[in-house]
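Residue numbers (mature numbering (1 follows the signal peptide of the UniProt record, and there is no 0)): -24 to -1, 1 to 216.
Take a look at the structure below.
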Amino acid sequence: MLKKTTSHIISTLAALLTATLLTSGCSQKIASVSDTVNVAVYGTADIHKSAHEVAALPYASTYVRIDDQSQLFMVLALAETATGATINDANATDTPAQLKWLASDNGMLITQSGRIIKTVNLSQGNLLGTHAKTADPLSLGLHLASTPTTWQRTIDWQPGYHIGYQLDSEFVFQRPEVLTVNGKSVPVLRFNENVTVKQLDRHYSNTFWIEQHTGRVVKSLQYLAPSLPSVEMTILKPFG
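Given below as structure tokens:
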């Protein structure tokens, strides 16, 4: 991720969040702009928060590990619709919210129904966009028998001129498991998403651990693009 001085990051984030809050309202219950900036900026790499600390924060939060780098703690900065309108509840619209997770060095992951659909300020490169004509099976609930097990989308990424590459996915149930998340045992179903990129003759797999009854993604291991790193996310405190 890009490295900047702490003072520059604080001033940039403060200006951005202040403008956002004044014009559209916050996406979640935030005590103040300065609190949001401090949590995002002063989080440390390879961090482990206690269940009490996670519960005490008024923000949704997640652990993130990019490839084999140190574990990061990220907070939810904004939740928006696809058109950019800020929302206050993950169920306030028929379209799943786009969640913007902020790291201490101003890097950002944007997720929708647990899938990373875009990234900003990652040093290894960025997923610029994800486009699909049909609903992501993750948004429909992989735990449901009615949910399709195949899906097609296109993605854009950098570095390099990678625009409109088609990805064909097949979701395969692996087994039930029990994860320990934020000090609690969570029964989950483990699915592999086998991805084929015909234009590059490449294959890779993403893994999603979803709650057995709700289908919500609790943990995931996703490759951003064929030539970009993997990202592991564990949701500590979900939005909504």
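Ideal Cβ placement from N, Cα and C applies to all residues, glycine included.
Model, not experiment: these values are computed from the prediction.
query                                                                                                                                                                : result
Mapping DSSP to helix, strand and coil, what is HIS189?                                                                                                              : coil
In angstroms, rounded to a whole number, what distance separates the CA positions of ILE93 and LYS195?                                                               : 16 Å
Closer than 8 Å is the cut-off here; do at least three beta carbon pairs connect the stretch 151 to 169 with the stretch 191 to 210?                                 : yes
Can THR95 and MET84 be called in contact, C-beta distance under 8 Å?                                                                                                 : yes
Straight-line CA distance for GLU169 to LEU98?                                                                                                                       : 23 Å
For THR(-2), which residues from the same chain have a beta carbon less than 8 Å from its beta carbon, with the 5 sequence-adjacent residues on both sides left out? : In this prediction, THR(-2) has a pLDDT of 39, which is less than 50 and means its spatial position is unreliable; nothing more can be read from the coordinates.
Beta-carbon separation of TRP133 and LEU155 under 8 Å?                                                                                                               : no
Go through its chain and collect everything with a Cβ distance to LEU114's Cβ below 6 Å, but skip five positions before and after it.                                : SER89, GLY90, ARG91
Tell me which residue opens and which closes the alpha helix (DSSP H) that PRO152 is part of.                                                                        : Careful: PRO152 lies outside any alpha helix (DSSP H), inside the beta strand (DSSP E) at 138 to 157.
Along the chain, where does the beta strand (DSSP E) containing SER206 start, and where does it finish?                                                              : 206 to 213
Roughly how many whole angstroms lie between the Cα atoms of LEU200 and VAL207?                                                                                      : 7 Å
What residues in its chain sit with their C-beta under 7 Å from that of ASP11, if we drop five residues either side in the sequence?                                 : Unreliable positioning characterises ASP11 in this predicted model, as indicated by a pLDDT of 47, which lies under 50. The coordinate reading is nonetheless provided below. For ASP11, where only same-chain residues beyond five positions count, there are no Cβ hits under 7 Å.
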